[in-house]
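In what follows, a single structure is set out as structure tokens and then discussed.
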Amino acid sequence: MGPDTNDVQTLSAFEMYSQRSEKRRNKKLRKIARQITHHQNKLQKSTFDIEIMKMPSFKENGKPILQKNRKRSSLTANLTTSHTDQEDNLNLEDTSNNKTNGSKTRHVSFQPDLPVYGQGIKVRNLKMRMKILKDFRQQGLESKKSKKKGPKQNNFIDSQTASVNGHEGVSFEDNNGEVQDESVNLNSDEEEDKKPHIDDLSFPPPKFSSGESDIDSPSNVTDVLTTNANSVVGKEAGGRKKKIKKEGGSKTKTKIKQEKQGMIVADSVEEGKKLFSWLIDPILPEDFIKDTWETCPMVLQRSQPSYYDSLLSTPAINEMLKTHNIQYTKNIDITSFSEGKRETHNPVGRAHPAVVWDYYSTGCSVRLLNPQTYIPKLRALNATLQEYFGCFVGANSYLTPPESQGFAPHYDDIEAFILQIEGKKKWRLYAPRKKQEVLPQFSSGNLTDDEIGKPVMEVTLNPGDLLYFPRGIIHQGHTVPGCHSLHITLSCYQRNTWGDLLEKLIPAALKIAMEEDVSFRQGLPVGYLNYMGVVNTKRDLPQRQQFLTKARTLFDKLFEYAPVDAAADQMGKQFMHDALPPVLTPEEKQSSVFGDGLRMISEGKVVNRVEIEPDTKVKLVRAQALRLVTEGDDNTVRLYHTLDNSLEYHGEEPQFLELAVDHAPIIEHLILSYPKFVSVSDLPLDDLAQKVRCCSLMSSSNI
1 MGPDTNDVQT
11 LSAFEMYSQR
21 SEKRRNKKLR
31 KIARQITHHQ
41 NKLQKSTFDI
51 EIMKMPSFKE
61 NGKPILQKNR
71 KRSSLTANLT
81 TSHTDQEDNL
91 NLEDTSNNKT
101 NGSKTRHVSF
111 QPDLPVYGQG
121 IKVRNLKMRM
131 KILKDFRQQG
141 LESKKSKKKG
151 PKQNNFIDSQ
161 TASVNGHEGV
171 SFEDNNGEVQ
181 DESVNLNSDE
191 EEDKKPHIDD
201 LSFPPPKFSS
211 GESDIDSPSN
221 VTDVLTTNAN
231 SVVGKEAGGR
241 KKKIKKEGGS
251 KTKTKIKQEK
261 QGMIVADSVE
271 EGKKLFSWLI
281 DPILPEDFIK
291 DTWETCPMVL
301 QRSQPSYYDS
311 LLSTPAINEM
321 LKTHNIQYTK
331 NIDITSFSEG
341 KRETHNPVGR
351 AHPAVVWDYY
361 STGCSVRLLN
371 PQTYIPKLRA
381 LNATLQEYFG
391 CFVGANSYLT
401 PPESQGFAPH
411 YDDIEAFILQ
421 IEGKKKWRLY
431 APRKKQEVLP
441 QFSSGNLTDD
451 EIGKPVMEVT
461 LNPGDLLYFP
471 RGIIHQGHTV
481 PGCHSLHITL
491 SCYQRNTWGD
501 LLEKLIPAAL
511 KIAMEEDVSF
521 RQGLPVGYLN
531 YMGVVNTKRD
541 LPQRQQFLTK
551 ARTLFDKLFE
561 YAPVDAAADQ
571 MGKQFMHDAL
581 PPVLTPEEKQ
591 SSVFGDGLRM
601 ISEGKVVNRV
611 EIEPDTKVKL
621 VRAQALRLVT
631 EGDDNTVRLY
641 HTLDNSLEYH
651 GEEPQFLELA
661 VDHAPIIEHL
671 ILSYPKFVSV
681 SDLPLDDLAQ
691 KVRCCSLMSS
701 SNI
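Residue numbers 1 to 703, in full-length UniProt numbering, belong to the letters of the sequence shown in order.
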């Protein structure tokens, strides 16, 4: 099938534009290089204030419960300690050569009655403009050499990227036909420290662009029609082709819907990591997990109020209340905290905007319990992050009026990332009161100021700032006078511990041991109740020692029968039930049951039959979207997945496909081959018909 003449003309115009664009870019880079020599002093300017707080530790047998602060060779701080009768103050000062340029001193208060190690750390000079310029040159200029010419498809311009701290700015054509460059701007002194915006990042859509609606709405699509005398061939992203059987021997037209800025997700785990890297930039995910995760709070204070504002806004909340049936208690809470008393003011039924804002105007806080259900951008954020963490990532949002507080001090059973969207909020963090509250299994009730002692960290978050704290850190937030607050709390790792794994592992191991090992089936000693039990705890009898030794021996032996992998699969099965469904790109929808396959047209005719053939290439839609579990009878396996999950937490029963046990090697091969495409003919099964059948079953569920 020859190229369309319109495409050839468009390609020529695009080439002409690219040449002019490269000339302008080169001119801009030369101007920047000249400006760099006149702004050496500005290289020391701080873009971020970062404080990593090591919490007081509890010791057991001389060993700290919390992880000790590691040495950071790249970070320096002067530590001076001044003692008073009430508290110890750790004054942290910038150690850069130019201390008069934007340097501040952070004061961190610790409880004096608890052992303390570690220190708050002020990190400066994290963004080096010279390095950015070098990366900008390399990526911006060399991309022209590596770009290959090809027909323009769907009015989408191949992006030229500028790498800034590991992220990409994108050039694309908007609805008005004007090219907009969203790469970092180094030509303006006012914008020279601007960090990449979430709109610039490449992760599963809905694409976070300023033109996208904040509320679920029908997508804008472009129709592409291709015809062939024999069949219709739709070429998908990645070079893959799908064969569509024509109906009735006549020409068939296949309407291929595509959106701008779409893509086939290459590796969902890597996309999740990139997004998490953006979330905590400039901290690297590896450094965060090694030094801070589950260990201590961390504050990122940016001078970029718009860093997170694409995720949520107060107008978006108002529109959500107008558009959707938001129910009190299920989807929204109206709360207040005054004079040490926490109250919930939820009426019954739907939360209408006028009623919610009336509560807000009287000083009540508004908590949205599942905003990701109704806000597409937030849903895309959570669905992408859960690919990286391997567990459910939830979200709450909190809107608090000026000079008020909505919740009592408490600690949670989740890892919390607070993203400040609008306004300001002052946070106070407190150390766990005892070792049983370090990384707790469940959240606490409402606590009082008398129960929690003095704060170990106090910080005021501004728009664009991030605060992280692990499970068990007591916290409370209060808005400042004259300023409201809107923030999002991202949560993860609820009931995702070694203990939760062992709860599934030990009963299964004991069941296997009882079946296979006679020593577990031997009877207890005759008369053992005469020397065992609580009343006999302090008795030093030889029978007791023999009994305890035998129990310990069997317990050690139990691990030999422990099905660790099967227990991990059960944890994965639970994740499949908890998780949000993947947010598919337009191209992914087009090559799935959501956008392709049989459909009915006028006069009751069914067209567009799509068949999987031996040369069809397939891959899993997401790495964390399915789990193969051996349960049920010996002839079948179950493939649990997230594709049909509800947008509300546990809104549906666990979703699974029941497949023949002979299909298990195919599933295993696809999982281990991800993210690569695999031809159906190359799947590990002798019967080609069974290969096609298995892939067709998975395709019918969009897996």
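Don't be surprised by glycine CBs; every beta carbon is placed ideally from N, CA and C.
Just to confirm, is the Cβ distance from residue i to residue j under 8 Å?
i, j, result
"His641", "Ala623", "no"
"Tyr398", "Thr489", "yes"
"Pro315", "Asn462", "no"
"Asn645", "Leu554", "no"
"Met320", "Ile375", "yes"
"Leu447", "His475", "no"
"Leu685", "Lys676", "no"
"Asn318", "Pro353", "yes"
"Ile671", "Leu639", "no"
"Cys364", "Ile334", "yes"
"Leu628", "Glu587", "no"
"Trp427", "Leu486", "no"
"Thr479", "Leu647", "no"
I'd like to confirm the pairing. Which residues does DSSP put opposite residue i in its beta bridges?
i, result
"Gln327", "Arg350"
"Gly477", "Trp427"
"Ile512", "Its beta-bridge partners do not exist; DSSP assigns none."
"Glu658", "Arg638"
"Phe337", "Arg342"
"His487", "Tyr398, Gln420"
"Ile332", "Tyr328, Leu368"
How long is the line joining the alpha carbons of residue i and residue j, rounded to whole angstroms?
i, j, result
"Gly632", "Glu515", "18 Å"
"Ala567", "His663", "22 Å"
"Gln441", "Arg693", "44 Å"
"Glu451", "Glu437", "13 Å"
"Ser443", "Tyr411", "6 Å"
"Ser404", "Lys557", "57 Å"
"Cys492", "Thr292", "15 Å"
"Leu688", "Ala660", "15 Å"
"Ser696", "Leu385", "29 Å"
"Ile612", "Gln590", "15 Å"
"Phe407", "Phe469", "17 Å"
"Asn702", "Asp569", "21 Å"
"Asn370", "Ile414", "15 Å"
"Ser519", "Leu510", "12 Å"
"Asp281", "Ser361", "35 Å"
"Met571", "Gly390", "10 Å"
"Gln574", "Glu387", "15 Å"
"Met532", "Asn325", "59 Å"
"residue 782", "Trp357", "With the chain covering 1 to 703 only, the question about residue 782 has no answer from this structure."
"residue 714", "Ser592", "This structure cannot speak to residue 714, because the chain is shown only from 1 to 703."
"Thr585", "Ala431", "43 Å"
"Tyr307", "Pro401", "22 Å"
For residue i, which of helix, strand or coil comes out of DSSP?
i, result
"His663", "helix"
"Lys454", "coil"
"Cys492", "strand"
"Leu461", "strand"
"Val518", "helix"
"Val678", "strand"
"residue 725", "The structure shown does not extend to residue 725, since the chain is modelled only from 1 to 703, so the question has no answer here."
"Ile703", "coil"
"Tyr307", "coil"
"Leu312", "coil"
"Val269", "helix"
"Ile264", "coil"
"Leu284", "coil"
"Asp24", "Looking at the sequence provided, one finds Arg at residue 24 rather than Asp. Helix at Arg24."
"Asp644", "coil"
"Val526", "coil"
"Asn318", "helix"
"Gly445", "coil"
"Met698", "helix"
"His669", "helix"
"Arg539", "coil"
Along the chain, which unbroken stretches of the beta strand (DSSP E) at least 3 residues long are found entirely within the stretch 555 to 639?
You should have 626 to 629.
Report the residue ranges of all beta strand (DSSP E) runs contained in full by the stretch 341 to 386; include only those spanning at least 3 residues, in chain order.
As for any beta strand (DSSP E) of minimum length 3 sitting wholly inside the stretch 341 to 386, the runs are 341 to 344, 365 to 368, ordered along the chain.
Sequence ranges, alpha helix (DSSP H) only - wholly within the stretch 389 to 443, length at least 4:
none
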